[in-house]
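**Student:**
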Amino acid sequence: MFLAGFSTFKVPSAPRRLGGEFMIDHTHDPALKSWVESANLPGADFPIQNLPFATYSRFPGDPARVGVAIGDQLLDATATFHLASLRGVMAMPRAERLQLRHKISGFLATHTTGAETMLSPIAAAHLELPCEIGDYTDFYASIHHATNVGRMFRPENPLLPNYKWLPVGYHGRASSIVLSGTPIRRPWGQTADSPAGPPVYAPSRRLDYELEIGAFLGPGNTLGHTIPIDQAAGHIAGVCLLNDWSARDMQTWEYQPLGPFLAKSFATSISPWVVTMEALEPFRRAPEPRPEGDPPPLPHLATNAPDALGITLEVWLRSALMTGPMRISRGNVAHLYWTLSQLVAHHASNGCNLRPGDLIGSGTVSGPEKENRGCLLELTLRGTEPLELPTGEQRRFLEDGDEVIFRACCEAPGYRRIGFGECRGTVIAADPSAGRTPHPK
Ligand code: CA
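Start counting the sequence shown at 14; every next residue gets the next number (our numbering).
(1) In whole angstroms, what separates the C-alpha of Gln244 from that of Gln355?
(2) With a threshold of 7 Å (Cβ to nearest heavy atom), would Gly387 be considered close to ligand 1?
(3) Okay, do the segment 331 to 342 and the segment 358 to 375 touch, 3+ Cβ pairs below 8 Å being the bar?
(4) Nearest to Ala250 by CA position, among Asp148, Gly306, Leu99 and Arg219, is which residue?
(5) Would you call the segment 211 to 221 and the segment 344 to 362 in contact, with 3 or more CB pairs under 8 Å?
(6) Could you check how far apart the C-beta atoms of Met36 and Arg395 are, in whole angstroms? I think they sit under 8 Å.
(7) Taking its Cβ as the centre, do 16 or more other Cβ atoms sit within 10 Å of Thr404, making it buried, or is it exposed?
(8) At a cut-off of 7 Å, would you count Leu123 as near ligand 1, judging by its Cβ distance to the nearest heavy atom?
(9) Since Cys423 sits in a beta bridge, which residues does DSSP pair it with?
(10) Give the DSSP-derived three-state secondary structure of Val440 in the structure shown.
(11) Less than 8 Å between the beta carbons of Trp3 and Ile418, yes or no?
(12) Is it true that the CB of Gly364 sits closer than 8 Å to the CB of Gly237?
(13) Report the rounded CA-to-CA distance for Thr123 versus Trp48, giving the unit in angstroms.
(14) Look at the alpha carbon of Leu390 and the alpha carbon of Arg261, and state the distance between them as a whole number of angstroms.
(15) From Arg107 to Ala205, what distance separates their C-alpha atoms?
(16) With distances taken Cα to Cα, identify the nearest neighbour of Ala44 among Ala228, Ile61, Ala57 and Gly56.
(17) Under DSSP, the beta strand (DSSP E) around Ser354 begins and ends at which residues?
(18) Assuming Trp258 and Phe279 are in contact, meaning their beta carbons sit under 8 Å apart, how far apart are those beta carbons, in whole angstroms?
(19) Pick out every residue whose C-beta is nearer than 6 Å to a heavy atom of ligand 1: which are they, in chain order?
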């Protein structure tokens with residue numbers, strides 16, 4: 014049953030949540046159509062129910078502006094709604110973002126004279142990173158991923174004692190976050206065949222992807238103050254696809270005792286579209302119950318709110334010899350042990366200030382089945398069970414020329430499907446000059 018008009022209803026599974034109402038309104042009505050015809054086609058990623066933001070310019074040298082994707086077009090939201098920057102939109106309090114969504118939805122639902130002059134084809138736009146990212150933090154929120162990886166190193170005890178008490182994370186590198194489509198140069202780094210060394214400095218031979226979602230922070234908190242768990246969802250502006258490229262051989266040698274560093278910081282790809290939390294409302298659900306015997310979260314991380322997101326994710330791979338990509342895995346964000354709200358509340362729980370446009374990664378999204386494994390390390394069991402490609406090639410880890418494509422969508426009975434577009438990256442050869450000795454003897 015769809016509740017027409019501007020209505021809210023309580024989610025039965027969230028009896029304790031303060032302000033925990035689903036804000037389902039007329040902008041989610043599956044019958045709503047746009048005068049932009051391409052938005053109404055079945056399977057379109059960007060129907061009028063979605064309205065994801067992007068930053069773009071119309072031609073080289075044109076100042077960056079805020080766009081809203083509708084079908085195969087971009088609405089110039091800077092000209093239409095006087096939005097100076099996407100970071101400015103992220104900084105809005107949630108109520109203001111909701112009003113903006115209503116205005117954009119109305120503009121694209123009812124045609125007004127000259128409205129089409131505010132559109133340009135997505136295919137012709139110069140898409141940019143959504144905003145300058147101040148800080149980037151990556152988490153490890155999938156217990157399936159943590160268990161699969163932990164088992165390779167500690168078969169008897171794959172999860173460390175802290176895992177079920179706090180969302181494990183590390184500070185990533187913001188400067189090397191690149192937009193989908195940017196080639197990914199194979200990194201050089203220290204790797205060692207033996208845990209005791211000695212290492213060599215060479216191009217990584219175990220390059221991997223990690224299937225993740227990224228969350229752009231909204232208003233955030235001031236230094237020294239926290240974000241209560243029941244307000245954390247309001248501090249997330251929107252979600253994108255994120256590929257945390259990882260050099261496993263470098264990671265193995267460097268990660269102890271302070272965690273990942275150069276094995277991750279050479280590149281992180283994100284999709285250009287920021288799918289707002291408002292658009293995701295129909296796809297929020299109660300998190301899966303914790304397994305029997307697991308401790309409940311401490312009170313500052315405990316919530317019954319429907320903060321899990323039903324987002325289906327897919328990984329596609331195309332080698333240089335393949336004519337088209339093949340799907341190699343499929344997962345769902347709802348499988349995460351820690352929700353995005355818990356990641357935000359935990360991050361701010363010591364008074365660390367989160368700022369608009371900061372990015373947090375979920376960590377590799379894996380699920381209970383083999384087809385849900387979100388990286389090659391898991392999918393090929395550290396290279397011991399290679400993937401067979403239709404060309405007869407095998408893949409243990411990524412080779413030069415391999416293209417990795419992430420896609421995602423949300424579907425729920427009674428609602429229009431919305432999509433995330435794509436996050437793509439092709440691996441290119443390592444810098445041939447990096448290993449040269451500057452002053453040969
Ligand atoms: Ca990661």
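Backbone N, C-alpha and C fix where the C-beta goes; we use that ideal spot for every residue, glycine too.
**Tutor:** The answer reads as follows:
(1) 10 Å
(2) no
(3) no
(4) Leu99
(5) no
(6) At roughly 44 Å, the Cβ-Cβ gap does not stay under 8 Å, so Met36 and Arg395 are not in contact.
(7) exposed
(8) For the record, residue 123 in the displayed sequence is Thr; it is not Leu. Thr123 Cβ: outside cutoff for every heavy atom of ligand 1.
(9) Ile431
(10) strand
(11) Since the first residue shown for the chain is 14 and the last is 454, residue 3 is missing from the structure and cannot be characterised.
(12) yes
(13) 7 Å
(14) 8 Å
(15) 49 Å
(16) Ile61
(17) Where Ser354 is concerned, there is no enclosing beta strand (DSSP E), although the alpha helix (DSSP H) it sits in stretches over Leu353 to His360.
(18) 7 Å
(19) Asp151, Glu223, Glu225, Asp257, Gly374, Gly376 and Thr377
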